[in-house]
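Positions in the sequence shown are counted from 1; adding 14 to them yields my numbering. C-beta atoms are modelled at their ideal positions from N, C-alpha and C, and glycine is treated no differently. Treat the numbers as computed from the prediction; the structure is a model and nothing was measured.
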Amino acid sequence: MTESFQRYLRAKRTVDDRALDRRLIDMLREQLAARAADTDGPLRVLEIGAGIGTMLARLLEWDVLPAGELRYTAVDIRSENVARLPDYLRDWAAQGGLSVGDSPLVLESETRRIRVETVQAEAVAYAESADGESDLLIGAALLDILDREQLATLLEPLAPGGLYYFPITFDGATRFQPAHPADRAVERHYHDHMDAKRGGDSRAGGDVLARLHGLDGATLAAVAGSDWVVRPVDGSYPADEAYFLRHILDTIEDAVGEMTGSGFEELDTWLSSRREQVAAAELLYHTHQLDFLGSVDS
Ligand SMILES: C[S@@+](CC[C@H](N)C(=O)[O-])C[C@H]1O[C@@H](n2cnc3c(N)ncnc32)[C@H](O)[C@@H]1O
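Written out as structure tokens, the structure reads:
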């Protein structure tokens, strides 16, 4: 289970890479550079729900984090993700020619030195006890599974003027092609399952938009869509995206099964047909998400 979830997070990397809104990424790069220019010590980044560390790798590859010294704290509720994160970053750094120091984990190139700390903790509980000195708070693919009543608390670790970045927030569409007669029923049951979970919301993106828009003491600078679109290219799926699709279908099987018991006869034929389409590289998958970038007041 752990291995399959971690492989899913690795496979999700290329899907997220295509989806993330580049205008917000450019704004984040500029705002971090300005903040670094105004700050004496190292910039401090806090990522909650960090998984196995793919966001840090991406932000370095895309040159979003400023050169110089930086402290990156990666928090996740699952101890197995926290345990895996240093290995993922070590492997990634070795391929990219960065040197890696252990205890503490330090990623170093000619222009950067990033000290990475991992913490196993629940995000809201961690935020409540944090010191309020972070320059950037990141929560990717997270706000659709967290209690959004706690959004203001999540921002507490930010220093005055600190930035938040909440990309890939699910917002209510799970679509497959070619069309199947059971698609709408599968989507409805799948989303009902998300809604039934504590903190879960199949329309979280819109809810987060309204909350961040109206939040006292913070400014929402930009919002954009970051839809996932997975499709075969030249007869096969890119990277490990066939696995990504199989994992999504397994998740739907569990969720819809839990919601309907044996009362939804079309589920089995729908799943078989979708799995055959993945094997034949014929399935297209599309979900709707939103990215958010903003800051707390100075
Ligand atoms: C969908 S995954 C996204 C992981 C990573 N941000 C990414 O985009 O690849 C959600 C992650 O948040 C973690 N998580 C879920 N609920 C959490 C909570 N309340 N506090 C901290 N981490 C949480 C999960 O263990 C998982 O690693």
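Per-residue DSSP class, three states only, for residue i
i	result
Phe184	strand
His261	helix
Glu122	strand
Glu136	coil
Glu147	coil
Glu44	helix
Asp248	coil
Leu156	coil
Ser276	coil
His302	strand
Ile39	helix
Asp358	Past the boundaries of the shown model lies residue 358; the chain is included only from 15 to 312, so the question cannot be answered.
Leu223	helix
Gly67	coil
Ala253	coil
9 Å Cβ cutoff, residue i in contact with chain D
i	result
Asp105	The structure shown contains no chain D; it holds only a single protein chain.
Ligand 1 heavy atom lying under 8 Å from the CB of residue i
i	result
Ile39	no
Arg92	yes
Thr301	no
Leu73	no
Leu23	yes
Ile62	yes
Ile182	yes
Lys26	yes
Thr68	yes
For residue i, the nearest candidate out of the options (CA to CA)
i	options	result
Leu34	His207, Val310, Asp305	Asp305
Ala319	Arg85, Leu165, Arg198, Glu83	In this structure the chain extends from 15 to 312, so residue 319 is not present and cannot be described.
Asp105	Leu121, Phe278, Pro252	Leu121
Glu163	Leu150, Gly228, Val96	Gly228
Phe19	Leu259, Tyr299, Val310	Leu259
Tyr22	Met273, Asp254, Thr283	Asp254
His261	Leu285, Arg212, Glu61	Leu285
Gln303	Ala256, Arg189, Gly271	Arg189
Arg32	Trp242, Ile128, Val133	Trp242
Val78	Leu42, Leu234, Ala137, Arg58	Leu42
Ser123	Thr167, Glu83, Val237	Glu83
Val310	Arg129, Pro171, Ala88, Ile62	Pro171
Leu151	Leu57, Arg212, Val244, Ala295	Leu57
Exposure label - residue i; buried when at least 16 CB within 10 Å
i	result
Thr301	buried
Asp101	exposed
His203	buried
Asp230	exposed
Ala48	exposed
Lys26	buried
Arg288	buried
Gln191	exposed
Pro118	exposed
Thr125	exposed
Asp149	buried
Gln109	exposed
Asp282	exposed
Thr16	exposed
Ser143	exposed
Pro181	buried
Ser93	exposed
Gly153	buried
Arg98	buried
Gly308	buried
Glu290	exposed
Gly55	exposed
Any non-hydrogen atom of ligand 2 closer than 8 Å to residue i Cβ
i	result
Val59	Of the ligands one can find in the structure shown, namely ligand 1, none is ligand 2.
Assess, as a yes-or-no matter, whether the stretch 259-273 is touched by the stretch 206-213 under the definition of 3 or more beta carbon pairs within less than 8 Å. yes
On the three-pair Cβ rule with 8 Å, is the stretch 244-257 touching the stretch 214-231? no
Does the contact criterion of 3 or more C-beta pairs under 8 Å hold for the stretch 70-80 versus the stretch 268-282? no
Stretch-stretch touch, CB-based, cutoff 8 Å, three pairs: the stretch 153-163 with the stretch 109-127: no
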